[in-house]
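Contents: one structure, followed by commentary.
There are 2 protein chains.
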Amino acid sequence: MASTQERQADLGWSLGALLRGYLKLSAEALGDLPGGARGFQVLSIAASNSCGNQAQIAESTGLDRTVLTYLIDDLEKAGLVVRTPDPNDRRSRRVTLTDAGTERLTQLTSRMNQVEDRLLSRLPRDDADSLRAAIVRAAHSLDDDPEGVCETVDQVTAEVTSA
Amino acid sequence: MASTQERQADLGWSLGALLRGYLKLSAEALGDLPGGARGFQVLSIAASNSCGNQAQIAESTGLDRTVLTYLIDDLEKAGLVVRTPDPNDRRSRRVTLTDAGTERLTQLTSRMNQVEDRLLSRLPRDDADSLRAAIVRAAHSLDDDPEGVCETVDQVTAEVTSA
DNA sequence: GCAGATGTTCTGCGATACAGACGATAATAA
DNA sequence: TTATTATCGTCTGTATCGCAGAACATCTGC
């Protein structure tokens with residue numbers, strides 16, 4: 001165990017490098033999906049009925065609400081989602097998948113799982129599986145953070161955004 | 001072991017969430033360092049005499065060379081680094097730390113290690129240590145990738161960039 | 001009803017990635 | 001040597017994105 005003093009503080013670099021690799025592979029896998037990896041995230045969230053309105057999608061993805069407006073516009077134009085007014089609160093719009101969106105998401109999820117496998121393909125299989133699970137667990141641990149570590153931050157995108 | 005079909009393809013979201021958290025905490029820890037987390041990465045690379053010129057720094061950090069020009073300008077103005085022409089190839093500039101830069105980097109590395117600890121502080125200590133090491137290992141595994149998975153990608157930043 | 005809060009959209013601004021051009025320099029070929 | 005090509009750093013122009021703030025509709029609480 002390296003002590004704090006001895007370590008090189010390269011977790012940030014490592015996360016950035018992994019995310020860059022992920023986004024690069026995603027770009028191929030997602031083809032012309034509006035918004036690329038961001039669009040895929042929005043579809044995934046919309047599919048999990050857990051959150052309907054744009055504010056929640058913005059918080060979950062870390063995207064700015066102003067960008068989300070246009071991203072959802074594009075997904076809607078592509079016929080993958082629809083905005084429907086929430087009957088309980090007409091200020092907010094529920095974003096739900098169309099049939100075409102559901103089908104597209106199913107295809108893309110399979111391809112994105114392959115992307116994840118490829119990203120970690122240099123690691124021993126078991127290591128890759130457990131690392132993947134551990135990363136997901138660590139990310140979820142931030143959600144409960146009372147200090148709100150996981151809120152939207154400007155620059156994640158600037159460094160790691162996908163085209 | 002979830003099969004590819006059953007998984008949710010949320011590694012990308014998780015990496016983004018972790019990086020957002022990291023960048024948020026970094027912003028506090030780095031104060032007025034030019035370029036924030038990006039500036040810290042440049043200082044770290046300049047300190048490891050391994051790579052001197054800007055092209056190598058750009059490749060390692062995933063930053064665009066045009067942005068790097070201005071970022072290094074700012075670090076130079078702050079008296080933390082100096083650009084010196086490489087005597088062996090006068091096209092390229094070696095970026096080296098000044099004494100003040102070395103001192104600053106030492107302080108900041110300590111603070112950034114604390115940031116990494118805080119980021120994973122919701123996990124059991126041993127899990128956090130091994131996860132951190134595994135992430136760093138996985139990131140380095142991309143470097144050797146013959147397919148060049150780890151090259152500069154636009155959007156990592158858009159999603160995960162630091163302020 | 002009224003004041004304040006919230007959800008969405010729009011505008012303006014700054015930061016960033018990217019493509020492309022440029023000049024200086026280096027490496028290679030003729 | 002000379003000419004061609006490639007590389008490094010810089011600069012310009014364009015598009016995208018995060019963010020602050022305003023506007024509008026709507027909800028909540030008084």
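Just so you know, the protein sequences line up as chains P and R, in that order.
Sequential numbering from 1 applies to the first sequence in UniProt numbering.
Sequential numbering from 1 applies to the second sequence in UniProt numbering.
By construction, the Cβ of each residue, glycine as well, lies at the ideal position given by its N, Cα and C atoms.
As the structure is a prediction and not an experimental result, all values here were calculated from the model.
Nonlocal neighbours in the same chain, by C-beta distance under 6 Å from residue i, ignoring five residues either side
i        : result
Thr161/R : The predicted position of Thr161/R is uncertain, since its pLDDT is 38 and thus under 50; no value can be drawn from it.
Asp86/R  : Ser92 and Arg94
Arg65/R  : Ala58
Close beta carbons around residue i, own chain, < 8 Å, minus the five adjacent residues each side
i        : result
Ala29/R  : Leu108, Arg111, Met112, Gln114 and Val115
Leu119/R : Leu18, Gly21, Tyr22 and Leu25
Asp154/P : Bear in mind that a pLDDT of 36 at Asp154/P, under 50, signals an unreliable position, so the number given afterwards is only what the model happens to contain. Correct list: empty, nothing qualifies.
Ala128/P : Asp117, Leu120 and Ser121
Leu71/R  : Pro34, Gly35, Arg38, Gly39, Val42 and Leu63
Thr61/P  : Arg38, Gln41, Val42, Ile45 and Leu68
Glu76/P  : Val82 and Arg83
Coil, strand or helix - residue i by DSSP
i             : result
Thr98/R       : coil
Asn53/P       : coil
Ser141/P      : helix
Gly36/P       : helix
residue 193/R : Residue 193/R is absent from the model: chain R starts at 1 and stops at 163.
Gly21/P       : helix
Ser44/R       : helix
Gly31/P       : coil
Ser110/P      : helix
Val153/P      : Legend: pLDDT at Val153/P = 39, less than 50; position of this residue unreliable, value from coordinates given subsequently. In this structure, Val153/P counts as coil in the three-state DSSP scheme.
Those residues which DSSP pairs with residue i across a bridge
i        : result
Arg122/P : Answer is none; Arg122/P lacks a bridge partner.
Cβ of residue i within 8 Å of any chain P Cβ
i        : result
Asp10/R  : yes
Glu103/R : no
Asn49/R  : no
Gly31/R  : no
Gly79/R  : no
Leu71/R  : no
Leu68/R  : no
Glu91/R  : Per the sequence presented here, residue 91/R reads as Arg, with Glu not at that position. Not closer than 8 Å to any Cβ of chain P, the Cβ of Arg91/R fails to qualify, so no.
Ala46/R  : no
Arg20/R  : yes
Arg65/R  : no
Ala138/R : yes
Leu43/R  : no
Within-8 Å CB hit, residue i to chain R
i        : result
Ala17/P  : yes
Thr109/P : yes
Glu135/P : Inspection of the sequence shows that residue 135/P is occupied by Ile rather than by Glu. Ile135/P counts as touching chain R.
Ala37/P  : yes
Gln54/P  : no
Ala58/P  : no
Leu75/P  : no
Asp145/P : For Asp145/P, the pLDDT reaches just 47, beneath the cut-off of 50, and the residue's location in the model is therefore unreliable, although a value from the coordinates is still provided. Yes, its Cβ sits closer than 8 Å to a Cβ of chain R.
Glu28/P  : no
Glu151/P : Note that Glu151/P scores 37 on pLDDT, short of 50, meaning its location in the model is unreliable and no value can be drawn from it.
Asn113/P : yes
Arg122/P : yes
Leu131/P : yes
Arg83/P  : no
Leu97/P  : no
Arg94/P  : no
Gln155/P : Residue confidence is low: Gln155/P scores 39 on pLDDT, short of 50, so the model does not pin down where it sits. Its coordinate-derived value is still stated next. Yes, because at least one Cβ of chain R sits closer than 8 Å to the Cβ of Gln155/P.
Cβ-based neighbour list, residue i, same chain, cut-off 7 Å, excluding 5 preceding and 5 following
i        : result
Ala46/R  : Val81, Val95, Thr96 and Leu97
Thr106/P : none
Arg90/R  : none
Arg7/P   : none
Residue i beta carbon near the ligand ATP (any heavy atom closer than 7 Å)
i        : result
Leu105/P : You won't find the ligand ATP in this model; it holds no ligand whatsoever.
Beta strand (DSSP E) segments (min. 3 residues) lying fully within the stretch 58-107 of chain P:
81-86 and 89-97
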